[in-house]
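Protein sequences, first through last, are from chains A and B. This note's numbering runs 310 ahead of the 1-based position in the first sequence. This note's numbering runs 310 ahead of the 1-based position in the second sequence. For every residue, glycine included, the Cβ atom is placed at its ideal position computed from N, Cα and C.
Protein chains: 2
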Amino acid sequence: MATTLHVCTTCRGTAAAPLGCEGCTVGAAGCGACPLAEGATTRPGERLAHALAALPVPEGVKIVPVECLSACGQGCTVALSGPGKWSYVFGRLDARDAETILAGAAQFEAAANGLIPWRERPEIFRKQCLARIPPQE
Amino acid sequence: MATTLHVCTTCRGTAAAPLGCEGCTVGAAGCGACPLAEGATTRPGERLAHALAALPVPEGVKIVPVECLSACGQGCTVALSGPGKWSYVFGRLDARDAETILAGAAQFEAAANGLIPWRERPEIFRKQCLARIPPQE
């Protein structure tokens with residue numbers, strides 16, 4: 311496992327990432343099984359973690375739930391890191407982004423230094439990057 | 311060197327961190343030597359890097375200028391990282407914060423996992439944290 315995808319489970323989400331069923335790609339088994347369902351008592355961050363766990367994980371990627379990535383005003387948030395690579399934090403996500411996040415994690419895993427060529431990045435990686443940190447020396 | 315303090319040199323600053331001379335603690339040699347001086351052509355991020363370089367660096371801390379921490383709307387920005395530690399990104403800084411940033415970097419270096427006790431953190435570490443990433447496994 312060279313790439314870690316940390317998922318904040320305590321994120322409350324933001325107005326910029328409202329929950330709803332429009333364009334739903336998560337609740338294939340029906341709203342009763344959907345982590346986004348109205349009335350769900352879990353936090354949006356936990357719903358995102360559930361949505362990620364329900365999908366096939368790319369080779370070399372490990373999903374690790376974490377309590378708080380300290381970007382509470384920009385939730386939901388995830389972080390990508392790996393040995394010798396740039397680390398990234400992305401925000402304003404919700405459970406509907408799970409598939410795209412995992413596709414991006416696979417690209418990150420494949421990139422030697424974690425730098426995915428700009429044009430190949432998922433839109434949420436281009437537009438919802440909160441910060442990045444250079445590789446540790 | 312166990313702790314790296316990355317400083318973004320391309321940050322343009324934010325309205326929340328205006329430049330000016332009120333409360334100046336940097337330009338002891340006079341405005342002519344001050345990286346904050348009116349009319350200075352360098353970017354706020356570069357001025358912050360200069361201000362940091364002009365101060366004594368805490369033991370175990372290495373300052374590394376970097377082009378872009380991808381938090382451009384929250385500049386100026388710095389990041390703290392070290393082996394086995396949580397990494398942090400702080401924003402809305404300017405050159406007047408240099409001394410406080412270095413004091414915080416020394417606390418980070420002294421903390422086994424990078425987690426400085428909340429009450430001991432400088433105010434800018436409590437209120438201007440943009441994101442944090444767990445230690446690499």
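Can the beta-carbon of residue i be found less than 7 Å from the beta-carbon of residue j?
i: residue 357 of chain B; j: residue 405 of chain B; result: yes
i: residue 424 of chain B; j: residue 386 of chain B; result: no
i: residue 359 of chain B; j: residue 380 of chain A; result: no
i: residue 401 of chain A; j: residue 417 of chain A; result: no
i: residue 412 of chain B; j: residue 368 of chain B; result: yes
Let me confirm a value: residue i is counted as buried when at least 16 other C-beta atoms fall within 10 Å, else exposed. Which label applies?
i: residue 414 of chain B; result: buried
i: residue 444 of chain A; result: buried
i: residue 420 of chain B; result: exposed
i: residue 361 of chain A; result: buried
i: residue 393 of chain A; result: exposed
i: residue 338 of chain B; result: Note that residue 338 of chain B scores a pLDDT of 47, beneath 50, so its modelled location is shaky; the value from the coordinates is reported in the next line. When all chains shown are included, residue 338 of chain B counts as exposed.
i: residue 422 of chain B; result: exposed
i: residue 389 of chain A; result: buried
Would you say residue i lies against chain A (beta-carbon separation less than 7 Å)?
i: residue 381 of chain B; result: yes
i: residue 367 of chain B; result: no
i: residue 376 of chain B; result: yes
Can you name the start and end residues of the beta strand (DSSP E) that residue i belongs to?
i: residue 313 of chain B; result: 313–318
i: residue 440 of chain A; result: 439–443
Within the 7 Å Cβ cut-off, does residue i reach chain B?
i: residue 430 of chain A; result: no
i: residue 446 of chain A; result: yes
i: residue 439 of chain A; result: yes
i: residue 443 of chain A; result: yes
i: residue 389 of chain A; result: yes
i: residue 360 of chain A; result: no
i: residue 371 of chain A; result: no
i: residue 399 of chain A; result: yes
Is the stretch 425–436 of chain B touching the stretch 368–388 of chain A, taking contact as three or more C-beta pairs under 8 Å? no
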